[in-house]
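Peer 1:
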Amino acid sequence: MTKPKTPRTATHQKAPQAERPPAPLHRSYETPAAGKAAKGREPKRKPYPSDSPHPTDSAILGARISRRAADRLRSGHLWVYASDIEVIQTGKDDPPALLAVADNRGLLLGTALYSPASQIALRMVSREEIDQAGWLQLLAARLRAAIARRKPLLDSETNACRLCFSEADELPGLVVDKYGEIVVLQLLTQGMLSSGVREVCVRVLREELEPASILERPDPRIRELEGLAAPSLAPLWAANPAAPVTHNQFLLNGLLFHFDANAGQKTGAFLDQRANYASARDWAKRLGAHGQTDACGRALDVCCYQGGFALHLAQVCNHVTAIDSSRASLEVAERNLEANRGRLAGEVEWVEADAFQILRDWSDAGQRFDTIILDPPAFAKTQRAVEGALRGYKELNLRALHMARPGGLLVTCSCSHHVDWADLEGAVAAAAADAHRRVRLLERRGAALDHPVVLNLPETEYLKCLVLEVE
Ligand code: SAH
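First residue of the sequence shown? That's 227 in our numbering, and the numbers climb one at a time after it.
1) Could I get the ranges of all uninterrupted alpha helix (DSSP H) runs contained in the region 384 to 471, with 4 residues as the minimum, in chain order?
2) Using a 10 Å radius around the Cβ and a threshold of 16 neighbouring Cβ atoms, would you call R375 buried or exposed?
3) Buried or exposed: L681, going by 16 or more other Cβ atoms within 10 Å of its Cβ?
4) Excluding the 5 residues preceding and the 5 following N502 in the sequence, name in chain order all residues of the same chain whose CB lies nearer than 6 Å to its CB.
5) Looking at Y531 and the ligand SAH, is the gap between the Cβ and the nearest heavy atom below 7 Å?
6) Please indicate yes or no: does the CB of D739 lie closer than 7 Å to some heavy atom of the ligand SAH?
7) Going by alpha carbons, who is nearest to A571 out of Q583, M350 and V546?
8) Can you pull the DSSP bridge partners for M350?
9) What are the partner residues of D649, as DSSP defines its beta bridges?
10) Applying the criterion that 16 or more other CB atoms from any shown protein chain within 10 Å of the CB defines a buried residue, is T597 buried or exposed?
11) For L667, is the classification buried or exposed, using 16 other Cβ atoms within 10 angstroms of its Cβ as the cut-off for buried?
12) Beta-carbon within less than 6 Å of V410's beta-carbon, same chain only, minus the 5 sequence neighbours each way: which residues are those?
13) In terms of residues, what are the limits of the alpha helix (DSSP H) holding D590?
14) Could you give the C-beta distance for L635 and W463, rounded to a whole number, given that I count them as a contact under 8 Å?
15) Rounded to the nearest angstrom, what separates M350 and G288 at their Cα positions?
16) Does the contact criterion of 3 or more C-beta pairs under 8 Å hold for the region 613 to 621 versus the region 639 to 649?
17) Taking the C-alpha atoms as reference points, what is the distance between L299 and A367?
18) Within 8 Å, do at least three Cβ pairs link the region 378 to 385 to the region 357 to 366?
19) Assuming L497 contacts R388 under a Cβ cut-off of 8 Å, what Cβ separation, rounded to an integer in Å, is found between them?
20) Which residues does DSSP pair with H628 in a beta bridge?
21) I'd like to know whether the C-beta atoms of F476 and Q532 end up nearer to each other than 8 Å.
22) What does DSSP give as the partner residues of D527 in its beta bridges?
23) With distance defined between alpha-carbon atoms, name the residue in G302, Y307, I291 and S301 nearest to Q315.
24) Could you have a look at V290 and say whether DSSP puts it in helix, strand or coil?
25) Look at A338 and V313 and say whether their C-beta atoms are less than 8 Å apart.
26) Assuming I584 contacts V577 (C-beta within less than 8 Å), just tell me the rounded distance between them.
27) Just to confirm the assignment, what range does the alpha helix (DSSP H) spanning R666 have?
28) Is there at least one non-hydrogen atom of the ligand SAH closer than 7 Å to the beta-carbon of A571?
29) So, at 6 Å on beta carbons, what are the nonlocal neighbours of P342 in its own chain, with the 5 sequence-adjacent residues on each side left out?
30) Just to confirm, does D395 get its C-beta within under 7 Å of one of the non-hydrogen atoms of the ligand SAH?
31) Taking C-beta to C-beta, are L650 and A626 nearer than 8 Å?
32) Reducing DSSP to helix, strand and coil, say where A540 ends up.
33) Starting from I311, follow the beta strand (DSSP E) in both directions and report where the run begins and ends.
34) Assuming N682 is part of the alpha helix (DSSP H), what are its boundary residues?
35) When you measure from the CB of D580 to every non-hydrogen atom of the ligand SAH, does any distance come out below 7 Å?
36) Please classify Q416 as buried or exposed, where buried requires at least 16 other C-beta atoms within 10 Å of its C-beta.
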C-alpha cells in the first residue's frame with residue numbers, strides 16, 4: 227500500500243515502458259573510470275573531498291565513502307548509509323543539497339543528494355559531477371520520463387496513479403501521485419526540499435498534465451527520520467487560485483473514490499493495490515462460477531481502509547463485510563460506497579474492530595466466507611521486526627483459513643519490504659498446516675505497474691500479494 231504508503235510498494239506484471247531503465251543514470255554507471263578501476267588500473271585521481279584536515283572554503287565539497295559502499299553503488303544501488311561515510315566536507319553554512327561522492331581512493335563516483343539527519347545519508351542522482359543547474363535539468367527530464375511511462379496506464383476507467391516513485395524513477399525522495407485532476411507531491415528527503423525542485427516539478431506537471439491543482443503533502447514519519455520542516459499547506463499551484471481544488475472524486479477501474487487533501491490524516495488511496503482489486507474480483511467470480519462453492523457469496527475484507535477491495539468485490543459478491551480499526555477510514559469507505567451504489571451487485575457492511583480480535587472471535591464462532599482478503603499494514607518496518615511480523619501474518623492467515631469455505635478464495639498481502647516472498651509464503655503455509663487446509667497458488671502478484679520494481683534496488687519491491695484457492 228504506498229499507499230499513502232511510502233517508500234509502500236509493489237510486482238508484477240510489467241508494462242514494457244515501466245521496465246525500461248531510465249537511460250541517463252544507467253548508461254553512465256559504466257563510466258570509463260569505473261571500468262578501469264574494476265580492472266585494477268589507476269585512473270587519474272581527483273581527491274574528493276579535500277585531503278586537508280582543515281579544509282578551506284575553496285576545498286572541494288564532498289564525501290568519501292567506504293569500499294563496501296562504493297561497491298554497492300557500482301552494482302547499481304543508489305544509497306550510501308551514514309556509517310559508510312569516511313570523510314565528509316560540507317562547508318561552513320547550511321549543508322548543501324548536492325555532494326560529490328568518491329570512493330576510498332578518491333575516485334569520483336558521482337553526485338548525491340545529501341540528507342544530514344538520515345541514516346541514508348547520500349542518494350545518488352548522477353554518476354557524474356553535476357551542479358545545481360545540472361541536477362534541476364536531470365530532475366525535469368526524469369520526471370517527464372516517469373510521467374510518460376504512466377500515461378499508457380490511464381484510461382477512461384482509471385484517472386489516478388503514482389506518477390513518480392522515488393528511487394524507482396531515479397528521483398530519490400520524490401513521490402508524485404495523481405488523483406484525477408489533483409496532483410500531490412511528497413518531498414521526502416532533505417535534498418529534495420528546495421524551491422528549485424518545487425518550481426521544476428510544478429512546471430513539468432503543468433506542461434504534461436494540465437492539473438487543476440498541485441499540492442504538497444507531508445509524511446510525518448519520513449519527516450521525522452529526515453528532520454524535515456513541515457511544508458506549507460497552501461497549494462503549490464492552482465488553476466483557480468481563488469478557489470483551489472483540494473478534494474474530488476477519482477476513478478480506479480471504473481469505481482469512484484474520494485480524495486480530500488484537507489482530511490488531516492493520511493489520505494489518498496493505496497494506488498499500488500489497484501490491479502490486485504480487479505484480480506481479486508475476477509478470481510472470486512471465476513471460483514464462484516466453478517460451482518463447487520459460491521465464491522461470489524460472502525466476502526470478507528480485512529484491513530479495508532477506504533474500501534478498495536470491498537467495493538470491487540461488491541461488484542460480484544452478494545455480501546461483503548469489511549473490517550478496519552480506523553473509524554475515519556470507514557467514514558470515507560461509506561462515502562465511497564454511496565458514490566458507487568449503482569455499480570454494485572451486493573451489500574457492503576463496515577465493521578470498526580481490531581482485526582486480530584474479531585478474526586479470532588468469528589473463526590471460533592464458526593463464521594464462513596467464500597472470499598477473504600487480508601491486507602494488513604506493514605508489520606515489519608525494519609529487518610529486526612520481521613520475526614514478530616511473521617507471527618502476525620501467520621495468525622491472521624490461520625484465522626482466515628479456518629473461516630474459508632472449501633473451494634474459496636484467499637488473497638493475502640504483505641506490504642513490508644523486509645518480509646520477502648519466502649517469508650510470506652512460509653507463514654501462510656504454516657498457517658495452512660495448522661488449519662489442516664491445502665492452499666493452491668493461483669497467482670503471485672505485486673504492486674501495480676505505476677510502482678515499478680528496479681532489480682538493482684531491492685527496496686523498490688515491497689508489496690506481495692498471494693492469490694490462493696483454499697481446498
Ligand atoms: N486494503 C486497503 C489498504 C489497507 S492499509 C486498500 O487497499 O486500500 C492497512 C489498514 O489496516 C489501514 O486502514 C489501518 O487502519 C488498518 N489497520 C491497522 N491495524 C489494524 C488492526 N489491528 N485491525 C484492523 N485494521 C487495522
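Ideal Cβ placement from N, Cα and C applies to all residues, glycine included.
Peer 2: From the atom records:
1) Here the runs fully enclosed are 421 to 435 and 446 to 452.
2) On the sequence shown, residue 375 is found 149 positions in, with the first residue counted as 1. With 16 or more Cβ atoms within 10 Å of its Cβ, R375 is classed as buried.
3) As a first step, residue 681 is located in the sequence shown; it is residue number 455 there, counting from the start. So L681 counts as exposed.
4) By one-based count along the sequence shown, residue 502 stands at place 276. A distance below 6 Å between beta-carbons, with the five flanking residues on each side excluded, links N502 to the following residues of its chain, in chain order: R671 and C691.
5) Taking the first residue of the sequence shown as 1, we reach residue 531 at position 305. Remark: the shortest separation between the CB of Y531 and any heavy atom of the ligand SAH falls under 7 Å.
6) Since the first residue shown for the chain is 227 and the last is 697, residue 739 is missing from the structure and cannot be characterised.
7) As a first step, residue 571 must be located in the sequence shown, where it is residue number 345. Cα-wise, what sits closest to A571 is V546.
8) Taking the sequence shown and counting its residues from 1, the one referred to as residue 350 is at position 124. The secondary-structure analysis by DSSP pairs M350 across a beta bridge with A338.
9) Locating residue 649 in the sequence shown gives position 423, counting from the first residue. Paired residues: none, contrary to the question.
10) Reading the sequence shown from its first residue, position 371 is the one you call residue 597. Buried: at least 16 other Cβ atoms inside 10 Å.
11) Locating residue 667 in the sequence shown gives position 441, where the first residue counts as 1. So L667 ends up on the exposed side.
12) Here residue 410 is taken as the residue at index 184 of the sequence shown, counted from 1. Excluding sequence neighbours, V410 sits near D403, L441 and R443.
13) Indexing the sequence shown from 1 puts residue 590 at position 364. Where D590 is concerned, the enclosing alpha helix (DSSP H) starts and stops at A581 to D590.
14) Locating residue 635 in the sequence shown gives position 409, where the first residue counts as 1. Locating residue 463 in the sequence shown gives position 237, where the first residue counts as 1. Incorrect: roughly 44 Å between the Cβ atoms, too far for contact.
15) Along the sequence shown, one-based indexing puts residue 350 at 124. Along the sequence shown, one-based indexing puts residue 288 at 62. Between the alpha carbons of M350 and G288 lies a distance of about 12 Å.
16) Pairwise C-beta distances place the region 613 to 621 in contact with the region 639 to 649, as three or more of them are shorter than 8 Å.
17) The count along the sequence shown starts at 1 and reaches residue 299 at position 73. The count along the sequence shown starts at 1 and reaches residue 367 at position 141. Looking at the two C-alpha atoms, the distance is approximately 22 Å.
18) Too few Cβ pairs lie closer than 8 Å, so no.
19) Taking the first residue of the sequence shown as 1, we reach residue 497 at position 271. Taking the first residue of the sequence shown as 1, we reach residue 388 at position 162. Indeed, because the Cβ distance is near 5 Å, the residues count as touching under 8 Å.
20) Here the question's residue 628 lines up with position 402 in the sequence shown. For H628, DSSP assigns no beta-bridge partner whatsoever.
21) Here residue 476 is taken as the residue at index 250 of the sequence shown, counted from 1. Here residue 532 is taken as the residue at index 306 of the sequence shown, counted from 1. Between F476 and Q532, the C-beta spacing is not below 8 Å.
22) Sequence index remark: in the sequence shown, residue 527 carries index 301 (1-based). Partner(s): A548 and I599.
23) Sequence index remark: in the sequence shown, residue 315 carries index 89 (1-based). Closest option to Q315, Cα to Cα, is I291.
24) Translated into the one-based positions of the sequence shown, residue 290 becomes position 64. In the sequence as displayed, the identity of residue 290 is Arg instead of Val. Looking at R290 - three-state DSSP - the assignment turns out to be strand.
25) What you label residue 338 is simply residue 112 of the sequence shown in a count that begins at 1. What you label residue 313 is simply residue 87 of the sequence shown in a count that begins at 1. A distance of 8 Å or more separates the beta carbons of A338 and V313.
26) Your numbering for residue 584 matches position 358 in the sequence shown. Your numbering for residue 577 matches position 351 in the sequence shown. Contact annotation, I584 with V577: C-beta distance approximately 7 Å; criterion of less than 8 Å satisfied.
27) Translated into the one-based positions of the sequence shown, residue 666 becomes position 440. Annotation: R666 is outside any alpha helix (DSSP H); the continuous beta strand (DSSP E) that includes it extends over V665 to R671.
28) On the sequence shown, residue 571 is found 345 positions in, with the first residue counted as 1. For the ligand SAH, not one heavy atom lies less than 7 Å from the Cβ of A571.
29) Here residue 342 refers to the residue found at position 116 of the sequence shown. Around P342: P321.
30) Within the sequence shown, numbered from 1, the residue matching residue 395 stands at position 169. Outside the cutoff, so no.
31) The residue you call residue 650 lines up with position 424 of the sequence shown. The residue you call residue 626 lines up with position 400 of the sequence shown. A626 is positioned such that its CB atom lies no closer than 8 Å to that of L650.
32) The residue given as residue 540 occupies position 314 in the sequence shown. Coil, per DSSP.
33) Walking along the sequence shown from the start, residue 311 turns up at place 85. Element bounds for I311: I311 to Q315.
34) As a position in the sequence shown, residue 682 is number 456, starting the count at 1. For N682, no alpha helix (DSSP H) encloses it, and the DSSP letter there is neither H nor E.
35) Here residue 580 refers to the residue found at position 354 of the sequence shown. D580 Cβ: within cutoff of the ligand SAH.
36) Counting from one through the sequence shown, the residue named residue 416 turns up at place 190. Residue burial is scored here from C-beta neighbours: Q416 has at least 16 other C-beta atoms within 10 angstroms and is therefore classed as buried.
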